[in-house]
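In my numbering, the protein residues as written are 13 to 219.
Structure, rendered in structure tokens:
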């Protein structure tokens, strides 16, 4: 009986103040149909080209995040979210030491003998949801949604080496929750997941 009461109390607390994340499969309409994407821990869906060898790259150039497919909504500016993700990803890669050089300088990929990879990311979904709906309706109404696609290409040939795609949906309590806080948490997790996945491939791991 006590266990049941405890569970009920915890559930009620979650409804009142809770904020969580559902990692769901990315929208299939936003994924290239010619790539064989597979589930991968931390990054949602991932593709690694046959014979992919990230170990050959010492330098990686992290480009600005594309936000062409999303629009500003209710105080959420896609370009700002993109800059945040770019910074988070660069910090993750630098701290982990996946590559000797992690830079945003596009000229780094133009050195004649350099083996350079380029990271291209795109926000393909960014919806802060509706706090009023979360407050008044609950049960999934007005959810926050974020999806991000990341590609790694050879700087010289532009050949695709790796692609990942991850989507997160926010579950919040009946008080509505903070959309911006959820989005920041989501892209921070995206950056960490991509770093772990790329680090595994860099060391010779398989998807």
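Every residue, glycine too, gets a C-beta built ideally from N, C-alpha and C.
For a test of the three-state rule: what should DSSP assign to residue i, helix, strand or coil?
i	result
residue 158	strand
residue 270	With the chain running from 13 to 219 in the structure shown, residue 270 is simply not present.
residue 222	For residue 222 there is no data in the structure shown, the boundaries of the chain being 13 and 219.
residue 109	coil
If residue i and residue j are in contact, beta carbons under 8 angstroms, what's the gap, nearest whole angstrom?
i	j	result
residue 173	residue 58	The pair is not a contact, with the Cβ atoms about 11 angstroms apart (cut-off 8 angstroms).
residue 284	residue 132	The structure shown does not extend to residue 284, since the chain is modelled only from 13 to 219, so the question has no answer here.
residue 55	residue 176	4 angstroms
Got a sec, what are the start and stop residues for the beta strand (DSSP E) residue i sits in?
i	result
residue 127	Where residue 127 is concerned, there is no enclosing beta strand (DSSP E), given that its DSSP letter is neither H nor E.
residue 85	Per DSSP, residue 85 belongs to no beta strand (DSSP E) and is neither H nor E.
residue 52	50-52
residue 69	Run containing residue 69: none; DSSP gives neither H nor E here.
residue 60	56-60
Output needed for residue i: all residues of its chain with C-beta closer than 6 angstroms, excluding positions within five of it in sequence on either side, in chain order.
i	result
residue 81	136
residue 156	140, 141, 182, 191 and 194
I'd like the list of long-range same chain contacts for residue i, defined as Cβ closer than 7 angstroms, with 5 residues on each side in sequence excluded.
i	result
residue 93	135, 138, 195 and 199
residue 75	130, 131 and 132
residue 171	165
residue 206	55, 101, 162 and 176
Can you pull the DSSP bridge partners for residue i?
i	result
residue 117	Beta-bridge pairing links residue 117 to no other residue.
residue 176	162
Closer than 8 angstroms by C-beta to residue i: which residues in its own chain qualify, once you throw out the five before and the five after it? Chain order, please.
i	result
residue 210	66, 105, 110, 164 and 174
residue 260	Within the shown structure, residues of the chain are numbered from 13 to 219, placing residue 260 beyond reach of any answer.
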